[in-house]
Amino acid sequence: MSENRSLIRRTTAVAAAVAASLVLAACGGADGGATAGHGGHTAPSSRPQSLSPTASPSAARGQHNAADVAFAQMMIPHHRQAVEMADLAPTRAGSAEVKQLAEAIKKAQDPEIRTLSGWLTAWGEQVPATGAGDHSAHGAGGGMMTAEEMDRLGKASGKAFDTAFMELMIKHHEGAVAMAETERTQGAHPEAKTMAEAIISSQSAEIATMKELLGKN
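Structure below.
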């Protein structure tokens, strides 16, 4: 058990470090280097201006292309679903490790949703609406869960929930990593590419953690 907790702490530390680098990169792109307040998945005073759902001068000035827009519009519903899955863990998970992992996922991805929404607003692009469409926005791709899979997860508890949560989240994370890889190679917006790197690093670490925990289940 102590080994599992140490594994979770290491994974959370990796995610926090990656999130911190993302914040520093975003702040560096703001006017005069001014500061504004995943994973590390992560107080208002230290968050980059682009976390706001309103257009920021930094994001509006930044060069972007169609790949950046697609990345933001696909990742927002993807992250929303991960947060929805993580929200089930406090009352349904059986192990402390799964609860800690779910908390780390929510802390990382909530701020990233705000950042992505702010970029789209600044670029004059549509921010994906919330709702049931989140479950099918990617069709069968992107690692998105179907409404049926989400329903089954919501009805599970204890060890059955832990196993289902990790198996589904591994698939979900793999989809996010693939989208982030595309952004890293095809995107033009510096801050979006930095976020993509953060997602690849933090979610790959979480995938490794979940696979190890499943092996010990």
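Residue numbers (mature numbering (1 follows the signal peptide of the UniProt record, and there is no 0)): -25 to -1, 1 to 192. Even for Gly, the Cβ is constructed at its ideal location relative to N, Cα and C. Keep in mind that this is a model prediction, so the values were computed, not measured.
Please classify residue i: is it buried, with 16 or more other beta-carbons within 10 angstroms of its beta-carbon, or exposed?
i	result
Ala41	exposed
Gln178	buried
Gly99	exposed
Ser132	exposed
Gln75	buried
Asp126	exposed
Ser25	Any answer about Ser25 is weak, because its pLDDT of 36 lies below 50 and its placement is not dependable; what the coordinates show is given next. By the 10 Å Cβ count, Ser25 comes out buried.
Which first and last residues belong to the alpha helix (DSSP H) in which residue i is found?
i	result
Glu149	133 to 161
Pro165	165 to 191
Glu72	71 to 98
Gly129	122 to 130
Looking only at C-alpha atoms, which of the options sits nearest to residue i?
i	options	result
Arg159	Thr169, Ala135, Gln56	Thr169
Leu63	Ala45, Pro103, Met144	Met144
Ala180	Pro52, Gln56, Ile80, Phe136	Ile80
Gln56	Ser92, Gly118, Ala183, Leu76	Gly118
Thr105	Pro52, Glu187, Thr157	Pro52
Arg89	Gly129, Val58, Val152, Glu123	Val58
Arg67	Glu156, Thr138, Ala173	Thr138
If you run the structure through DSSP and keep just helix, strand and coil, what is residue i?
i	result
Ala45	helix
Ala61	helix
Ala5	Confidence at Ala5 is low in this model, with a pLDDT of 38, below 50, so its placement is unreliable and no value can be given for it.
State the CB to CB distance for the pair residue i and residue j, rounded to an integer number of angstroms; the pair is presumed to be in contact (CB under 8 Å).
i	j	result
His164	His39	4 Å
Met154	Met49	6 Å
Met134	Gly190	Looking at the sequence shown, residue 134 is not Met but Lys. Actually they do not touch by this definition, with Cβ atoms about 14 Å apart.
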